[in-house]
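In my numbering, the protein residues as written are 24 to 126. Backbone N, C-alpha and C fix where the C-beta goes; we use that ideal spot for every residue, glycine too. These notes concern the structure reproduced below.
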């Protein structure tokens, strides 16, 4: 709900992301998917929500790491990713696709 003001229904954990950033504190986050939600998406400081076909995601307008994991998540895979950023560019990354999370 935080970024676009919708509440996902029955979210399922599909990933974990760890970011080491050159210009800000490290970040760790969980990635969930849900096929249904409550509420109407609204623009916030964090995001401008758009509806798009899964094969037309505007990766050029997103963080560089997204293009490395989101396509496979949209196909149903689960992962754990670690990224080292210098500014907005990836300097190093490691993605493990052999992970499982409880449903």
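Item, Value
"Please state whether DSSP places residue 119 in a helix, a strand or coil.", "strand"
"Quick one: what's residue 60 bridged to in DSSP?", "31"
"Can you give me the C-alpha to C-alpha distance between residue 90 and residue 76, rounded to a whole angstrom?", "15 angstroms"
"Note the first and the last residue of the continuous beta strand (DSSP E) segment covering residue 103.", "102-109"
"On the criterion of 16 or more Cβ atoms from any shown chain inside 10 Å, does residue 101 qualify as buried, or is it exposed?", "buried"
"Are three or more beta carbon pairs between the region 24-37 and the region 64-75 nearer than 8 angstroms?", "yes"
"According to DSSP, is residue 54 part of a helix, a strand, or is it coil?", "strand"
"Which one or two residues does DSSP pair with residue 112 in a beta bridge?", "109"
"In whole angstroms, what separates the C-alpha of residue 125 from that of residue 35?", "9 angstroms"
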